[in-house]
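Colleague: Dumping the structure here so I can ask a few things about it.
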Amino acid sequence: GAVVSQHPSWVICKSGTSVKIECRSLDFQATTMFWYRQFPKQSLMLMATSNEGSKATYEQGVEKDKFLINHASLTLSTLTVTSAHPEDSSFYICSARDQGTGRANYGYTFGSGTRLTVV
Amino acid sequence: QKEVEQDPGPLSVPEGAIVSLNCTYSNSAFQYFMWYRQYSRKGPELLMYTYSSGNKEDGRFTAQVDKSSKYISLFIRDSQPSDSATYLCAMSSGGYNKLIFGAGTRLAVHP
Chain A
-5 GAVVSQHPSW VICKSGTSVK IECRSLDFQA TTMFWYRQFP KQSLMLMATS
45 NEGSKATYEQ GVEKDKFLIN HASLTLSTLT VTSAHPEDSS FYICSARDQG
95 TGRANYGYTF GSGTRLTVV
Chain B
10 QKEVEQDPGP LSVPEGAIVS LNCTYSNSAF QYFMWYRQYS RKGPELLMYT
60 YSSGNKEDGR FTAQVDKSSK YISLFIRDSQ PSDSATYLCA MSSGGYNKLI
110 FGAGTRLAVH P
């Protein structure tokens, strides 16, 4: 089945530094990947849609300059949290859709998530 | 009003019980309905998906969609401790449109 690898699984960084999170589709190509943020005991909030070879589409209220997304290949998207602050501490999850299955929405596979703690 | 409403629980049931999880929604354009299971500190995994109205069964899981009432359900039969997780409903208006998630219901099945 489709597998999405997300790395790192957790990271602690100092306030003011930047952190990069990787999302890879291991056995399929993904033209589109999605980045979500999840606060404790809350649902997933879509941050942005990452499109291979073009600029990401950000949801309303998400700072483009703070959450940099790069989708340089059909198997890799990265999210960089720039100048991180304690309020950026959260669980970040990516997902990708297997374009080859033609299964539309139910073709989404999620990564295992990255827990970011900014101290 | 949120587009998708889901009771966050927690819901605690004994092993072997039938579990009923529900979501309501307000956007009549939603056509694709999914249930995801999320274990602590892990990404969601797809359990069930349904297009438009109707029922779908897969092993111990049954998904129901009632578009006239804007109401979807997930039933778990013979619940097991390993079913203890957060269950998220998700829906979309189009085959490649973004997913809108419910808040998730935390389920605990105790032996």
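Those sequence lines, one after another, are chains A and B.
If you read the first sequence in my numbering, its first letter stands for residue -5, the second for the next number, and so on.
If you read the second sequence in my numbering, its first letter stands for residue 10, the second for the next number, and so on.
Ideal Cβ placement from N, Cα and C applies to all residues, glycine included.
1) What is the rounded straight-line gap between the Cα of Gly10/A and the Cα of Val112/A?
2) Would Thr111/A count as contacting chain B if we go by Cβ distances under 8 Å?
3) At the 8 Å Cβ level, is Ser44/A part of the contact set with chain B, yes or no?
4) Among all the DSSP beta bridges, which residues are the ones paired with Met57/B?
5) So for Asp21/A, helix, strand or coil by DSSP?
6) Identify which residue in Pro53/B, Phe39/B and Ala26/B has its Cα closest to the Cα of Phe104/A.
7) With a threshold of 8 Å between beta carbons, is Asn99/A in contact with chain B?
8) Output, in chain order, the set of chain B residues within a Cβ distance shorter than 8 Å of Tyr52/A.
9) Closer than 7 Å by C-beta to Gly63/B: which residues in its own chain qualify, once you throw out the five before and the five after it? Chain order, please.
10) Out of Ile6/A, Tyr102/A, Ser106/A and Asp59/A, which one is the CA nearest neighbour of Phe22/A?
11) Between Arg50/B and Arg31/A, is the Cβ-Cβ spacing less than 8 Å?
12) How would you write the range of the beta strand (DSSP E) that Phe85/A sits in, first residue to last?
13) Mapping the DSSP letters down to three states, classify Asp75/B as helix, strand or coil.
14) Measure the C-alpha to C-alpha separation of Ser102/B and Phe70/B and round it to an integer number of angstroms.
15) For Pro120/B, which residues in the same chain have their Cβ closer than 6 Å to its Cβ, ignoring the five residues on either side in sequence?
16) Under 8 Å between the Cβ atoms of Met100/B and Val13/B?
17) Check for me: the beta strand (DSSP E) holding Ser82/B runs from which residue to which?
18) Just to confirm my understanding: we take Arg18/A, look at its own chain, exclude 5 residues before and 5 after, and list those with CB closer than 6 Å. What are they?
19) Which of helix, strand or coil does DSSP assign to Ser91/B?
Modeller: In brief:
1) 9 Å
2) no
3) no
4) Trp44/B
5) Three-state result, Asp21/A: coil.
6) Pro53/B
7) Confidence is the limiting factor: at Asn99/A the pLDDT is only 46, short of 50, which leaves the residue's position unreliable, though a coordinate-based value still follows. So, interface residue.
8) Going along chain B, no residue has its Cβ under 8 Å from Tyr52/A, so there is no contact; the nearest lies around 12 Å.
9) Val74
10) Tyr102/A
11) no
12) Ser84 to Arg91
13) Three-state DSSP puts Asp75/B in a strand.
14) Answer to the nearest angstrom: the Cα atoms are 24 Å apart.
15) Glu24 and Pro90
16) yes
17) Annotation: the continuous beta strand (DSSP E) that includes Ser82/B extends over Tyr80 to Ile85.
18) Ser(-1), Thr69 and Leu70
19) helix
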